[in-house]
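First comes the structure, then the notes that go with it.
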Amino acid sequence: MRVLRPEAALLLRRGREALAGAALTLAAIWLGLTSYGITRWVAVVLGLGGLALVWTGVQRWRFGRGGGGPGIVQVDERRLVYWGPLTGGVMDMDALARLDLDPGARPAHFILTSLRGERLEVPVNAEGAEALLDLFAALPGFPTETMLQALNRAEGPVVTLWRVPNVIVLPPRERRRLH
Numbered sequence: 717m718r719v720l721r722p723e724a725a726l727l728l729r730r731g732r733e734a735l736a737g738a739a740l741t742l743a744a745i746w747l748g749l750t751s752y753g754i755t756r757w758v759a760v761v762l763g764l765g766g767l768a769l770v771w772t773g774v775q776r777w778r779f780g781r782g783g784g785g786p787g788i789v790q791v792d793e794r795r796l797v798y799w800g801p802l803t804g805g806v807m808d809m810d811a812l813a814r815l816d817l818d819p820g821a822r823p824a825h826f827i828l829t830s831l832r833g834e835r836l837e838v839p840v841n842a843e844g845a846e847a848l849l850d851l852f853a854a855l856p857g858f859p860t861e862t863m864l865q866a867l868n869r870a871e872g873p874v875v876t877l878w879r880v881p882n883v884i885v886l887p888p889r890e891r892r893r894l895h
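Just so we're aligned, residue 717 is where the sequence shown starts under our numbering, counting upward by one.
And the structure:
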């Protein structure tokens, strides 16, 4: 017997981290109001942990695109592997020079460019793409909120989300002409 529609179950599954954080925060508030002494300090720490869980859970909820798109994303340490139906590739985050988002593509794509000018395009709804949030958030100074806002746009130009400071990366075509 089904209790929830499949769409509602998927929505709850995507937001489970935020919901767990909200439950932990509510439990911490109850504990803090009904106890005293050191238990109240434990409740404060639990409440702060719950709020942090809500914050990261909401970001994941906003980032998730539901999967089912073209290709499969795998993340191993700081290496991104994309297995696509027509293209694919590997990108080490240590060699990443630039990260762009093309919201006008169907579906929208992340465009990763290495220091050598090699490009890897990954659809935002590829299977396993939810792992990209943690991978990108580990980049120094990465603007998570800017990325989440750009993901909500349906049209528009390519948005540069992050790049290595003080490094100029030439596109592969221009690089070939210079040599």
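Even glycine gets a Cβ: it sits at the ideal position worked out from N, Cα and C.
By DSSP, does residue i sit in helix, in strand, or in coil?
| i | result |
| --- | --- |
| Asn868 | coil |
| Thr755 | helix |
| Ala724 | helix |
| Ala854 | coil |
| Val880 | coil |
| Gly737 | helix |
| Val791 | strand |
| Thr862 | helix |
| Val874 | coil |
State yes or no: is the C-beta of residue i within less than 8 Å of the C-beta of residue j?
| i | j | result |
| --- | --- | --- |
| Ala842 | Gly787 | yes |
| Arg794 | Met809 | yes |
| Val838 | Val789 | yes |
| Leu877 | Pro856 | no |
| Thr755 | Leu767 | no |
| Ala734 | Val770 | yes |
| Met807 | Leu849 | no |
| Leu817 | Met863 | yes |
If you draw a straight line from the C-alpha of residue i to the C-alpha of residue j, how long is it?
| i | j | result |
| --- | --- | --- |
| Leu867 | Pro881 | 23 Å |
| Phe779 | Arg879 | 20 Å |
| Arg893 | Gly805 | Caution is warranted here: a pLDDT of 40 is assigned to Arg893, below 50, making its placement in the model unreliable, and the coordinate value is therefore given only provisionally. Each residue's Cα considered, the two are about 24 Å apart. |
| Pro722 | Arg832 | 44 Å |
Between residue i and chain C, is the shortest Cβ-Cβ distance under 8 Å, so that the two count as touching?
| i | result |
| --- | --- |
| Gly731 | Of the protein chains in this structure there is only one, and it is not chain C. |
Using the rule of at least 16 other Cβ atoms within 10 Å of the residue's Cβ for burial, across every protein chain shown, is residue i buried or exposed?
| i | result |
| --- | --- |
| Leu815 | buried |
| Leu764 | exposed |
| Gly753 | exposed |
| Glu861 | exposed |
| Leu851 | buried |
Keeping to the same chain, check which residues put their C-beta closer than 8 Å to that of residue i; ignore five residues upstream and five downstream.
| i | result |
| --- | --- |
| Ala844 | According to the sequence provided, residue 844 is Gly. The question's Ala does not apply to it. These residues qualify, in order along the chain: Gly783, Ile788, Val789, Gln790, Val791. |
Can you give me the Cβ contacts of residue i inside the same chain, cut-off strictly under 7 Å, excluding the 5 residues immediately before and after it?
| i | result |
| --- | --- |
| Leu812 | Leu828, Ser830 |
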